[in-house]
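S.K.: In the numbering used here, the protein residues as written are 2 to 241. We put the beta carbon where it would ideally sit given N, CA and C, even for glycine. The structure displayed is predicted, hence computed values, not measured ones.
#1: Give the DSSP bridge partners of residue 142, in chain order.
#2: Where does residue 89 fall in DSSP's three states?
#3: Considering residue 48, what are the terminal residues of the alpha helix (DSSP H) in which it resides?
#4: Counting only the same chain and skipping the five closest in sequence on each side, list residues whose C-beta sits under 6 Å from that of residue 32.
#5: With DSSP as the reference, please indicate the residues paired to residue 224 in a beta bridge.
#6: Are residue 158 and residue 138 closer than 8 Å when you measure CB to CB?
#7: What residues match up with residue 123 in a beta bridge as DSSP calls it?
#8: Are residue 87 and residue 227 closer than 8 Å when you measure CB to CB?
#9: By how many angstroms is the C-alpha of residue 77 removed from the C-alpha of residue 43?
#10: Check each candidate in 79, 18, 98 and name the one with the smallest Cα separation from residue 192.
#11: Spell out the partners DSSP gives residue 159 in its beta bridges.
#12: Less than 8 Å separating the beta-carbons of residue 60 and residue 152?
#13: One question on the structure: do residue 103 and residue 201 come within less than 8 Å of each other, judged by their Cβ atoms?
#14: Rounded to the nearest angstrom, what separates residue 4 and residue 107 at their Cα positions?
#15: Can you name, in chain order, every residue of its own chain whose Cβ lies under 7 Å from the Cβ of residue 213, other than the five neighbours on each side?
#16: Between residue 150 and the rest of its own chain, which residues show a CB-CB distance below 7 Å, the 5 nearest in sequence each way excluded?
#17: Among the residues of its own chain, which have a CB less than 8 Å from the CB of residue 224, if the five just before and after it don't count?
#18: Pick helix, strand or coil for residue 38, following the three-state DSSP scheme.
#19: Is residue 132 helix, strand or coil by DSSP?
#20: I'd like to check one pair, residue 128 with residue 182: are the Cβ atoms closer than 8 Å?
#21: Nearest to residue 68 by alpha carbon, out of 48, 162, 233, 218?
#22: Have a look at residue 34 and residue 146 and give me their C-alpha separation to the nearest angstrom.
#23: If we call anything under 8 Å between Cβ atoms a contact, is residue 111 one with residue 16?
#24: Which residues in the same chain have their Cβ closer than 8 Å to the Cβ of residue 13, if we skip the five residues on either side of it in sequence?
Below, the structure written as structure tokens:
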């Protein structure tokens, strides 16, 4: 059986989130094993291919994917279990971030990343009915390609500033993100504008890390930080 046949059947039959399925397909295809026979693919072959990858975290994700997809065949279970390495960001000042964000047409979305800690797909999916007072219920997210609106990576409620509550409450259907619009549009706009202005290249997920970093700097209890970020485990919050 070809890797493509087995992987397609296995991934589609598993109760995986849309984004995870897409990620697994992308990883397997990028390794150049998609059209090979399964019996021709070994852990040694994978290690040779992964060895040229510079990013430690990309290697980690490749190993997680292969161990998961092919576990019923007993393949790749001997691949290393790598721990993620945290990124270090050199953030612009808060004023510089505001100046950048206010120049984009995705202002509300980027402020949801910066002051609510949302991932970009979650921020794009926000609508007024998710508000509960000053809390925003995170229970939906767009996929990166914009073709799918489903559940977020982690659900929960986050406390947001009054001014952001009012911006969300005043949204109309015209302001809502639509199926078919890739969330990458926000990332591209953010990165392109920051580059043109001669500053550090930014992406929306960095604003989520800014949100966490700002809370830590202000002495917020780590458990509150965990809840706001919707991490399932406090160790994730403390490690990152």
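M.R.: Let's see:
#1: 151
#2: coil
#3: 44-51
#4: 50
#5: Partner(s): none; residue 224 has no beta bridge.
#6: yes
#7: Partner(s): none; residue 123 has no beta bridge.
#8: no
#9: 7 Å
#10: 98
#11: 137
#12: no
#13: no
#14: 40 Å
#15: 118, 226, 230
#16: 126, 141, 143, 180
#17: 235
#18: strand
#19: strand
#20: no
#21: 48
#22: 24 Å
#23: no
#24: 22
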